Amino acid sequence: MGKNEKTGLGRALVKHHNQMIQQSKEKGRSYRSKKVLESVTDVSNIDAVIEQGEEEELLQLAADPSSRPDLPIRLDSGSSSIGMSPEKRREEQKKEEALHAGSLSVPRRPPWSPSMSVEELDANERQAFLVWRRSLARLEENEKLVLTPFEKNLDIWRQLWRVVERSDLLVMVVDARDPLFYRCADLEAYAQETDKYKRTLLLVNKADLLPVSVREKWAKFFHLHEILFVFWSAKAASAALEGKKLAAPWKTQNNNQEETDDPSTKIYGREELLVRLQFEAEEIAKLRRESGSSSTGPSDGHSAGGDNLSKPVVVGFVGYPNVGKSSTINALVGQKRTGVTSTPGKTKHFQTLIISDELTLCDCPGLVFPSFSSSRHGMIACGVLPIDRMTEHREAVQVVANRVPRSVIENVYKISLPKPKPYEPQDRPPLASELLRAYCASRGYVASSGLPDETRAARQILKDYIDGKLPHYEMPPGMGDEECYDGDAAEPSLSEVAESESSDIENPPDNEDESEIGPVFDHVLDDLSSFDVANGLSSKKVTVKKSNASHKNHKKPQRKKDRSWRVGNDDGDGMPVIRVYQKPPSGGPVVAG
Ligand SMILES: Nc1nc2c(ncn2[C@@H]2O[C@H](COP(=O)(O)OP(=O)(O)OP(=O)(O)O)[C@@H](O)[C@H]2O)c(=O)[nH]1
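Each residue of the sequence shown is one higher than the one before, counting from 1 in full-length UniProt numbering.
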């Protein structure tokens with residue numbers, strides 16, 4: 001290789017390097033200049049540094065310039081925990097979480113008044129937001145802690161601020177399977193800071209995925225901690241609107257759990273929820289009126305509509321992406337919808353929905369709150385991080401294997417998992433590798449290398465876990481895991497698995513099509529018998545074809561969000577408003593008993 005060639009290569013590398021820097025700068029700048037609202041969650045520290053450079057002038061405005069930290073770039077995460085057992089690491093993590101729990105705040109909107117100029121308001125908000133990001137960046141640098149990929153786009157938080165300010169009642173939608181993970185206690189505190197009468201109601205959605213006995217325990221916990229809550233299932237309510245009922249996944253032959261009428265544990269119907277929301281919001285507005293407080297002006301940072309008798313009460317909906325806010329709003333609006341999507345962050349601006357002269361709903365974009373998580377794999381499993389970002393599929397599947405009992409996995413997938421070796425603890429959870437291989441074997445999933453296609457299997461298993469086909473749930477703190485899956489209640493019957501694999505919605509009796517249920521198991525059994533585990537290849541070509549059909553069965557129906565109802569006129573603040581025509585109340589049970 002000649003000297004010139006070397007120089008040419010060197011130049012090319014330098015040029016490439018400079019181009020990359022230029023692109024990074026442009027990318028960094030785009031956070032500021034972008035007008036389209038985009039959720040920014042998984043921003044690396046490098047991005048943060050670039051962004052920080054852009055915001056340098058604002059940082060100078062900070063009250064205490066000496067407090068400005070530089071954001072270190074941490075490329076090697078968790079190095080000090082190398083060699084630590086997982087239990088020890090978790091223990092250390094818990095200690096650290098307890099120590100820093102108070103630092104997990106949502107950003108506050110700085111005080112403002114209508115007399116402020118737009119520029120002044122914007123600068124104040126940016127500055128406060130940077131201070132907030134800085135404090136969380138410090139937490140992120142603590143390698144013992146794992147933080148959720150919390151929302152980093154100020155404009156999304158601005159949407160939340162406005163929803164909090166204008167709502168009388170704030171509804172925090174959470175996933176019933178792990179309500180405390182999705183609950184943001186600091187948001188409740190913030191709501192009360194804006195107005196001491198404001199309350200937050202925990203809407204425990206996807207309650208159809210919890211057995212009654214588990215709901216009872218959570219109800220006890222919520223009562224004990226004075227948390228206002230309601231069990232709800234947007235899916236069941238939507239099904240009821242269409243004259244269908246949702247198959248109860250926990251009903252078994254031996255444990256025929258009937259739906260309960262107990263107001264604490266029952267799953268509310270659509271009409272009941274609307275009535276309850278209006279009642280709670282009116283109570284708040286009444287209290288505020290009685291106290292003579294007219295403190296709803298913008299200078300106080302809130303402008304809830306319930307003070308004036310002629311104004312409807314406002315109920316705001318907030319929550320993590322994918323907890324079912326859109327499904328809930330669709331069900332409450334009562335319009336026929338085509339479906340919803342599991343892609344997070346699609347709702348860009350908050351929407352105002354006028355339900356009646358007395359009740360207005362306000363739907364905020366879903367956003368990830370700052371919180372502690374056990375691991376990034378755990379966040380993939382609970383749907384906070386998209387499955388597409390999964391690089392270490394075994395680790396993510398291990399989360400599923402740890403949380404869903406062995407017998408439930410075997411029953412749902414109709415597979416046999418290898419038993420623990422005699423010298424191993426007999427109650428150990430299955431290893432991800434064991435689960436993945438057994439799943440691949442049963443479905444005929446083979447990669448081009450001829451080895452089991454674990455990546456494909458992992459995606460399907462995680463999707464089933466998130467969608468509730470692999471049943472799981474957390475118990476309230478202080479209740480042992482052994483109580484989680486108490487016998488029959490935890491094991492869906494064969495027919496229920498078939499139902500859940502084909503559809504969760506039961507058609508009305510006259511539409512029942514039982515022939516859809518049978519083939520699901522036929523092909524699984526076929527796959528089991530025809531997959532040659534030793535060779536890692538399907539012994540019958542037809543099996544692979546069948547397993548593809550099985551994959552199709554696992555696919556959800558199209559879930560494009562129907563946001564047509566969201567387009568409407570303007571409420572004077574640039575936000576779309578829609579007037580909703582209520583459907584007549586739906587009768588019948590919400591969830592099959
Ligand atoms: N089993 C069950 N699934 C539900 C329920 N509500 C919503 N889902 C499912 O949860 C997923 C997310 O629902 P969405 O309504 O799109 O969630 P979202 O909170 O609006 O999401 P963003 O728009 O990203 O904020 C979808 O796959 C829904 O079918 C429910 O009550 N029960």
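Ideal Cβ placement from N, Cα and C applies to all residues, glycine included.
Quantities reported herein were computed from a predicted structural model and do not represent experimental measurements.
Euclidean distance between Cα positions of residue i and residue j
i	j	result
Pro589	Asn205	Per-residue confidence for Pro589 stands at a pLDDT of 37, beneath the threshold of 50, marking its modelled position as unreliable; no derived number is given.
Glu193	Arg288	14 Å
Asn153	Ser416	46 Å
Leu277	Leu104	28 Å
Phe317	Leu451	47 Å
Ser371	Glu395	21 Å
Glu491	Lys95	With a pLDDT of only 44 at Glu491, under 50, the local geometry of the prediction cannot be trusted, and the value read off the model is given with reservation. Their backbone Cα atoms lie some 35 Å apart in a straight line.
Pro471	Glu143	32 Å
Ala447	Glu141	38 Å
Gly102	Gly366	23 Å
Glu454	Glu434	10 Å
Val313	Glu188	18 Å
Met475	Lys217	8 Å
Glu282	Leu274	12 Å
Pro429	Trp232	31 Å
Tyr190	Ala438	48 Å
Val368	Ser356	31 Å
Ser167	Tyr197	11 Å
Val164	Glu242	32 Å
residue 601	Ser238	Only positions 1 to 593 of the chain appear in the structure, and residue 601 is not among them; the question remains open.
Ser291	Ile284	11 Å
Glu120	Leu139	29 Å
heavy atom of ligand 1 below 7 Å from residue i C-beta
i	result
Leu332	no
Lys88	no
Leu361	no
Gly366	yes
Asp195	no
Ala236	yes
Gly269	no
Asp155	no
Pro321	yes
Gly316	no
Leu209	yes
Lys463	no
Ser213	no
Gly444	no
Lys325	yes
Asn124	no
Lys244	no
Lys266	no
Gly468	yes
Asn411	no
Lys419	no
Ser375	no
Lys217	no
Asn142	no
Asn205	yes
Ser103	no
Ser371	no
Classification of residue i by the beta-carbon crowding that lies within 10 angstroms, buried from 16 upward
i	result
Gly324	buried
Leu201	buried
Val524	Low confidence applies to Val524: its pLDDT is 31, below 50, so where it sits in the model is not reliable, and the reading given next is rough at best. Answer is buried; the Cβ neighbour count reaches 16.
Tyr423	exposed
Leu130	buried
Val118	exposed
Leu170	buried
Glu91	exposed
Phe350	buried
Gln93	buried
Ala98	exposed
Ser373	buried
Below-8 Å beta-carbon distance, residue i vs any chain C residue
i	result
Asn330	Checking the listed chains, one finds no chain C in this structure; it contains a single protein chain.
Are three or more beta carbon pairs between the region 198-216 and the region 264-281 nearer than 8 Å? Contact between the region 198-216 and the region 264-281 is present: three or more C-beta pairs spanning the two stretches fall below 8 Å.
Counting Cβ pairs, one atom from each stretch, are 3 or more of them under 8 Å apart for the region 182-196 and the region 141-158? The region 182-196 vs the region 141-158: no contact.
For the structure I just gave you, are there three or more beta carbon pairs, one from the region 454-463 and one from the region 424-443, closer than 8 Å? Segments in contact, yes.
Take every Cβ of the region 358-365, pair it with every Cβ of the region 384-404, and state whether three or more of those distances are shorter than 8 Å. Taking 8 Å as the limit for Cβ pairs, the verdict is that the region 384-404 does not touch the region 358-365.
Meets three-Cβ-pair contact criterion under 8 Å: the region 403-420 and the region 169-181: Fewer than three Cβ pairs drawn from the region 403-420 and the region 169-181 lie within less than 8 Å of each other, which leaves the two stretches out of contact.
Whether or not the region 367-382 and the region 396-406 are in contact is what I'm after, with contact meaning three or more pairs of Cβ atoms, one per stretch, closer than 8 Å; do they touch? Segment contact: the region 396-406 against the region 367-382, three or more CB-CB distances shorter than 8 Å; contact assigned.
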